[in-house]
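Chemist:
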Amino acid sequence: GQFCRQIFNNYGVTFFLESVELCDSERNIEANARQVRYQALNRHVSEGSILVTAQHSDDQCETLLLALKRGAGALGLSAMPSQLSFGKGSHNRPLLDVSRADIVSYAQNNQLQWVEDGSNQDNRFDRNFLRNEILPRLNKRWQGFSKNVARSAAVLNQTNQLLDDLAMIDFEQSSLPHQALSIKRLMTLTNARQNNLIRYWLRLAQFSMPSQAQLQQITQQTLGAAVDSDPVVKIDDYQVRRYQGAMMALKQCKDISGIAIGWTAQSEITLPDGLGKLVFNQSPHAIRLLAPINQHVEIRFLIAGSYKEWPVGRDKRRTVKKLWQEYHVPTWLRSRTPLVFYGETLVAALGVWVEQGYQPAGDDATSATVTIDWIKD
205 GQFCRQIFNN YGVTFFLESV ELCDSERNIE ANARQVRYQA LNRHVSEGSI
255 LVTAQHSDDQ CETLLLALKR GAGALGLSAM PSQLSFGKGS HNRPLLDVSR
305 ADIVSYAQNN QLQWVEDGSN QDNRFDRNFL RNEILPRLNK RWQGFSKNVA
355 RSAAVLNQTN QLLDDLAMID FEQSSLPHQA LSIKRLMTLT NARQNNLIRY
405 WLRLAQFSMP SQAQLQQITQ QTLGAAVDSD PVVKIDDYQV RRYQGAMMAL
455 KQCKDISGIA IGWTAQSEIT LPDGLGKLVF NQSPHAIRLL APINQHVEIR
505 FLIAGSYKEW PVGRDKRRTV KKLWQEYHVP TWLRSRTPLV FYGETLVAAL
555 GVWVEQGYQP AGDDATSATV TIDWIKD
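In structure tokens:
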């Protein structure tokens, strides 16, 4: 840090030092470190600014070989692009066509100073193993090996752009509300185009790319599932599901089904796991309920499907399971919908229905009421 600070001072450039902490993750430490490093850099990329990094052709070769090891597709094998959007600005890599040897030679001839990261010699890390043990032998055997591999990565990047163009066409014809894909439309595509579209769709939603085996699980379990089934494929921190005729990708959520929150029905409360908050106001989206009279009020998140309710506007009681289906609430949202209980009586499933006898008449100014608005994060 001190060396970099001095260099920045010499050139009159503002210097920032960021400390990052690796989180617990099943991903390898190299991928984890890269993720938090770019998260830190993103905090300093303002509107219209350009992040410039110094990856060279040897780095590009290492990246492609590591992608081959993972069994990556065209996107992974296209390795690092020379320019891409990043945060509010862009990320440029102007040295991808320059070898490490050429950079070192330039630095030595111009008497530049630099420091080496000691961890670069630790061959327990895959990239260091390639850099220190494998690529020197390959470049000695075949002169220009790293540059040629980097050139292949650039060609693959053009191929990937064509695949994206095709995926964009399929996406426009397959997209549904709430960032979902039409199962019916997906079924008309070849398997190759299905895979290409699903990868593109997940990338648009900023989810990590599935492996080939995971992609096969997605197509087999969601496209081949019965209409009334509830298949789920879990990948990293998200899951791909099917609900009726739609394929959806969702962040993994905590199980909050057993949580109950006591509420005075007078103050704002924060809901668990990023579900937002409940507040009192007169917004058009708020619901009005008859106020509880000497009853304990709780917000819960689960009720047995056999429990029977009689929502306002319905002609008879129905099981809660049947009501979720009739109101088209996906299975994974049923245990994440705030349920308002007066004592042991369910009076409202917020955003879905209100129980008969607990919704005041529109012109009823004589009854005490509460007005609840669910503000989602």
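So for the sequence shown, the working numbering puts the first residue at 205; every next one is plus one.
The beta carbon of each residue, even a glycine, is placed where N, CA and C say it ideally should be.
Since the model is a prediction, treat every value here as computed from it, not as a measurement.
(1) Hey, could you find the ends of the beta strand (DSSP E) Ala464 is sitting in?
(2) In chain order, what residues of the same chain have a beta carbon less than 7 Å from the beta carbon of Trp318, not counting five sequence neighbours either side?
(3) What does DSSP give as the partner residue(s) for Asn296 in the beta ladder?
(4) Going by beta carbon distance, what residues of the same chain come within less than 7 Å of Ile330, once the five residues before and after it are set aside?
(5) Identify which residue in Gly291, Tyr511 and Phe219 has its Cα closest to the Cα of Arg247.
(6) Report the three-state DSSP secondary structure of Met452 (helix, strand or coil).
(7) Between the C-alpha atoms of Thr474 and Ala572, what's the straight-line distance to the nearest angstrom?
(8) Within 10 angstroms of its Cβ, does Ser261 collect 16 or more other Cβ (buried), or is it exposed?
(9) May I ask you to verify whether the region 551–562 touches the region 529–543, counting CB pairs closer than 8 Å and requiring at least 3?
(10) Can you say whether Cys208 is buried or exposed, counting buried as having 16 or more other CB atoms within 10 angstroms of its CB?
(11) Looking only at C-alpha atoms, which of Leu427, Gln347, Tyr562 and Ala409 sits nearest to Phe545?
(12) How should His500 be labelled, buried or exposed, when 16 other C-beta atoms within 10 angstroms of its C-beta is the threshold for buried?
(13) Determine the DSSP secondary structure at Gly205, reduced to helix, strand or coil.
(14) Out of Ala429, His489 and Gln383, which one is the CA nearest neighbour of Arg407?
(15) Are there any heavy atoms of the ligand FAD lying less than 7 Å away from the beta-carbon of Gly480, as far as the coordinates show?
(16) What is the DSSP secondary structure of Gln425, reduced to helix, strand or coil?
(17) Let me make sure I understand the geometry here. Which of Asn327, Glu559, Asn343 and Gly252 has the alpha-carbon closest to that of Gly293?
(18) Which same chain residues end up closer than 7 Å to Gln443 when comparing Cβ atoms and leaving out the 5 residues on each side of it in sequence?
(19) Pull up the DSSP beta-bridge partners for Arg492, would you.
(20) For Leu380, which residues from the same chain have a beta carbon less than 7 Å from its beta carbon, with the 5 sequence-adjacent residues on both sides left out?
(21) So is Asp374 buried or exposed if we call it buried at 16+ other beta carbons inside 10 Å?
(22) State the beta-bridge partners of Lys438 as determined by DSSP.
(23) For Ala258, which of Pro298, Ala237, Phe505 and Lys526 has the nearest alpha-carbon?
(24) Can you give me the C-alpha to C-alpha distance between Leu461 and Asp477, rounded to a whole angstrom?
(25) Contact defined as beta carbons within less than 8 Å: I believe Asn400 pairs with Ala357. What is the distance between those atoms, to the nearest angstrom?
(26) Just mark Ile338 as buried or exposed, buried being the case when its beta carbon has 16 or more other beta carbons within 10 Å.
(27) What do you get for Tyr511, buried or exposed, if any count of 16 or more other CB atoms within 10 angstroms of its CB means buried?
(28) What's the gap between the Cα of Asn213 and the Cα of Ala396?
(29) Could you check whether Arg522 and Glu513 sit closer than 8 Å to each other, using their CB atoms as the reference points?
(30) Quick check on the burial criterion: 16 or more other C-beta atoms within 10 angstroms. Buried or exposed for Glu548?
(31) Could you tell me which residues DSSP puts in a beta bridge with Ser379?
(32) According to DSSP, Lys520 sits in a beta bridge with which residue or residues?
(33) Give every residue of the same chain whose Cβ lies closer than 7 Å to the Cβ of Lys388, excluding the five residues on either side of it in the sequence, and list them in chain order.
(34) Does DSSP put Asp263 in a helix, in a strand, or in coil?
(35) Return the Cβ separation of Pro496 and Gln560 in integer angstroms, given the expectation that the two are a contact with Cβ distance under 8 Å.
(36) Shortest alpha-carbon distance to Gln424 belongs to which of Met413, Ala409, Arg445 and Gln410?
Modeler: In terms of the structure at hand:
(1) Ala464 to Trp467
(2) Ala311
(3) Val256 and Gln287
(4) The residue asked about is misnamed: residue 330 is Asp in this sequence, not Ile. These residues qualify, in order along the chain: Glu234 and Leu270.
(5) Gly291
(6) strand
(7) 24 Å
(8) buried
(9) yes
(10) exposed
(11) Tyr562
(12) exposed
(13) coil
(14) Gln383
(15) Ligands in the displayed structure: none, and consequently the ligand FAD is not present.
(16) helix
(17) Gly252
(18) Val436, Val437, Leu454 and Gln456
(19) Thr575
(20) Ser386 and Ala450
(21) buried
(22) Gln443
(23) Pro298
(24) Leu is not the amino acid found at residue 461; the sequence shown has Ser there. Cα to Cα, Ser461 sits roughly 11 Å from Asp477.
(25) Their Cβ separation, rounded to whole angstroms, is 19 Å, which puts Asn400 and Ala357 out of contact at 8 Å.
(26) exposed
(27) exposed
(28) 53 Å
(29) yes
(30) exposed
(31) Leu385
(32) DSSP output for Lys520 lists no bridge partner at all.
(33) Gly449
(34) helix
(35) In fact, because the Cβ distance is near 16 Å, the residues do not count as touching under 8 Å.
(36) Arg445
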